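Peer 1:
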Amino acid sequence: MHHHNHYYGQAHILARYAGLDDEYPPRLRGYLQHGWNIADGWNPVHEFYDGAWRFTWSDAPRRRGHALGRRNYHSIGAPFLYLQELEPELGAVPEEEREGTLWFLFHGWEGGKIQGDHQRLIDEIRETEPGPVTFSLYYTEYDRPEVRKSYEDAGFRVVSFGRRGFSYEGTDRRFLYKQLTELRKHKRVAANRLSTAIFYGIAAGCEAAVYGDPMEMEGENPLFGGQSRIARLWPEMLGKELDPEAARATTDLELGVPWMMPPEELRMLFDWRERV
19 MHHHNHYYGQ
29 AHILARYAGL
39 DDEYPPRLRG
49 YLQHGWNIAD
59 GWNPVHEFYD
69 GAWRFTWSDA
79 PRRRGHALGR
89 RNYHSIGAPF
99 LYLQELEPEL
109 GAVPEEEREG
119 TLWFLFHGWE
129 GGKIQGDHQR
139 LIDEIRETEP
149 GPVTFSLYYT
159 EYDRPEVRKS
169 YEDAGFRVVS
179 FGRRGFSYEG
189 TDRRFLYKQL
199 TELRKHKRVA
209 ANRLSTAIFY
219 GIAAGCEAAV
229 YGDPMEMEGE
239 NPLFGGQSRI
249 ARLWPEMLGK
259 ELDPEAARAT
269 TDLELGVPWM
279 MPPEELRMLF
289 DWRERV
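Numbering (our numbering), first residue to last: 19 to 294.
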């Protein structure tokens, strides 16, 4: 099983949903999409073993992959959706008690740092958000004191949900549990780029916004069109006040609600039947 499948504890969630051991999930024979993506579900230079299955959240990445001459796709829905079914009450508060904004900064990764004007972004957030702000930093930025301190000094509550891990080491398998808990407490979710967290927030019942300096990342690959392509294809997902119905319809498609499976079908698809 490719170690990317463990990112954020996604394989663990699917194993739990299928009724199997979620501490040591069985091998998933293929590649599982681990974040929202404007291409075929993976980064442009991802290497695949010949003949391996590619498990996407929705049908659009499959279509894009087919256009690139790639095959062996199967859409299953985002593991975050299955987590919501498994944990309907996790972090939930009455609707009238949800408050403030959970704000996600576009993040780098181990191979590239983000660069941008953090103070300018802070000023725009203060001008825009109607309530208290909780600022979520990915661990790559949370571990950079100069970045974290900018948002702490601005008076924001700063959080991080853990590490995605690498080569089966250091994965926080409660990452998405913690993220879901925070999202269900907040009225709004926002970010400076359209990203996975925005779709998760809408799925969890948040109002959404995407605005501010999108910042840049070292070595960012423009192969699939970048921010200009997002603006062309998902204009309804950009702005300080999104239309909730349009945003929810797009979210359901991008996270793959129509392609979710019952536990029995997941076990069959992943060849987990012999472990039941």
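Note that CB positions come from ideal geometry on N, CA and C, so glycine has one too. All values reported here derive from a predicted model rather than from experimental measurement.
Rank His30, Tyr35, Tyr42 and Pro106 by C-alpha distance to the C-alpha of Leu221 and give the top, closest one.
Peer 2: In the sequence shown, residue 221 corresponds to position 203, counting from 1. First, the residue type needs correcting, since residue 221 is Ala and not Leu in the sequence shown. That would be Pro106, whose Cα lies nearest to the Cα of Ala221.
Peer 1: Could you tell me if Leu99 is buried or exposed, where buried requires 16 or more neighbouring beta carbons within 10 angstroms of its beta carbon?
Peer 2: For the purposes of this step, residue 99 is taken as the residue at position 81 of the sequence shown. With 16 or more other Cβ atoms within 10 Å, it is buried.
Peer 1: Tell me whether the region 27-40 and the region 276-290 touch, counting them as touching only if at least three CB pairs, one residue from each stretch, are closer than 8 Å.
Peer 2: As far as the Cβ criterion goes, the region 27-40 touches the region 276-290, which means the pair count is three or higher.
Peer 1: Would Asp133 be called buried (16 or more neighbouring beta carbons within 10 Å of its own) or exposed?
Peer 2: Numbered from 1 along the sequence shown, position 115 holds the residue referred to as residue 133. A small fix is needed here, since residue 133 is Gln in this sequence, not Asp. By the neighbour-count rule (16 or more Cβ atoms within 10 Å), Gln133 is not buried but exposed.
Peer 1: Quick one: residues in its chain with C-beta nearer than 6 Å to the C-beta of Pro43, no 5 flanking neighbours on either side, listed in chain order?
Peer 2: Looking up residue 43 in the sequence shown gives position 25. The residues are Ala29, His30 and Ala33.
Peer 1: Pairing CB atoms from the region 171-179 with CB atoms from the region 259-266, are three or more of them under 8 Å?
Peer 2: No, the region 171-179 does not touch the region 259-266.
Peer 1: What would DSSP say about Gln28, mapped onto helix, strand or coil?
Peer 2: Your numbering for residue 28 matches position 10 in the sequence shown. In the structure shown, Gln28 sits in a helix (DSSP, three-state: H, G or I).
Peer 1: Applying the criterion that 16 or more other CB atoms from any shown protein chain within 10 Å of the CB defines a buried residue, is Lys167 buried or exposed?
Peer 2: Residue 167 sits at position 149 when you count from the first residue of the sequence shown. When all chains shown are included, Lys167 counts as exposed.
Peer 1: So the alpha helix (DSSP H) Glu115 belongs to, where does it begin and stop?
Peer 2: Taking the first residue of the sequence shown as 1, we reach residue 115 at position 97. Segment: none, Glu115 is in no alpha helix (DSSP H) and carries neither H nor E.
Peer 1: In the region 195-240, which residue ranges form an unbroken alpha helix (DSSP H) of at least 4 residues, counting only runs that do not cross its ends?
Peer 2: Counting only runs of 4 or more, we get 214-221.
Peer 1: Restricting to runs no shorter than 4 residues, where is the alpha helix (DSSP H) found entirely within the region 236-276?
Peer 2: Correct list: 244-251 and 262-273.
Peer 1: Please classify His125: is it buried, with 16 or more other beta-carbons within 10 angstroms of its beta-carbon, or exposed?
Peer 2: As a working note, residue 125 is residue 107 in the sequence shown. Looking at its Cβ environment, which holds 16 or more other Cβ atoms inside 10 Å, His125 is buried.
Peer 1: Check the Cβ-Cβ distances between Tyr35 and every residue of chain B, and say whether any is below 9 Å.
Peer 2: The question asks about chain B, but that chain is absent: this structure has only one protein chain.
Peer 1: Give a yes or no on whether the C-beta atoms belonging to Tyr26 and Arg211 are separated by under 9 Å.
Peer 2: Here residue 26 corresponds to residue number 8 of the sequence shown, with the count starting at 1. Here residue 211 corresponds to residue number 193 of the sequence shown, with the count starting at 1. No.
Peer 1: For Phe153, report the span of its alpha helix (DSSP H) as first-last.
Peer 2: As a working mapping, residue 153 is identified with position 135 in the sequence shown. Counting along the chain, Phe153 falls outside any alpha helix (DSSP H), though it belongs to the beta strand (DSSP E) covering Val151 to Ser154.
Peer 1: Could you give the distance in angstroms between the alpha-carbon of Phe184 and the alpha-carbon of His24?
Peer 2: The residue given as residue 184 occupies position 166 in the sequence shown. The residue given as residue 24 occupies position 6 in the sequence shown. Straight-line Cα distance between these residues: approximately 8 Å.
Peer 1: Given a cut-off of 9 Å, decide if Lys196 and Gly219 are closer than it, judged by their beta-carbon atoms.
Peer 2: What you label residue 219 is simply residue 201 of the sequence shown in a count that begins at 1. What you label residue 196 is simply residue 178 of the sequence shown in a count that begins at 1. Going by C-beta atoms, Gly219 is not nearer than 9 Å to Lys196.
Peer 1: Which partner residues does Leu50 have in the DSSP bridge list?
Peer 2: For the purposes of this step, residue 50 is taken as residue 32 along the sequence shown, with counting starting at 1. Its beta-bridge partners are Phe73.
Peer 1: With respect to the beta strand (DSSP E) encompassing Arg175, which residues constitute its N-terminal and C-terminal limits?
Peer 2: Your numbering for residue 175 matches position 157 in the sequence shown. Taken as a continuous stretch (DSSP letters only), the beta strand (DSSP E) holding Arg175 covers Arg175 to Val177.
Peer 1: Grouping DSSP H, G and I as helix and E and B as strand, with all else coil, what is Glu187?
Peer 2: Position 169 of the sequence shown holds residue 187. Residue state, collapsed to three classes: strand.
Peer 1: My understanding is that Arg202 touches Glu225, with C-beta atoms under 8 Å, so please give their C-beta distance in whole angstroms.
Peer 2: For the purposes of this step, residue 202 is taken as residue 184 along the sequence shown, with counting starting at 1. For the purposes of this step, residue 225 is taken as residue 207 along the sequence shown, with counting starting at 1. Not confirmed; about 13 Å, so no contact.
Peer 1: What are the start and end residues of the beta strand (DSSP E) that includes His64?
Peer 2: Position 46 of the sequence shown, counting from 1, holds the residue named residue 64. Segment: none, His64 is in no beta strand (DSSP E) and carries neither H nor E.
Peer 1: Would the region 150-165 and the region 270-280 be scored as touching if the rule is three or more Cβ pairs under 8 Å?
Peer 2: No contact exists between the region 150-165 and the region 270-280.
Peer 1: Identify, in the order they occur along the chain, each residue of the same chain with its Cβ nearer than 7 Å to the Cβ of Thr74, setting aside the five sequence neighbours on each side.
Peer 2: In the sequence shown, the residue the question calls residue 74 occupies position 56. Excluding sequence neighbours, Thr74 sits near Gln51, Gly59, Arg80, Tyr91 and Ser93.
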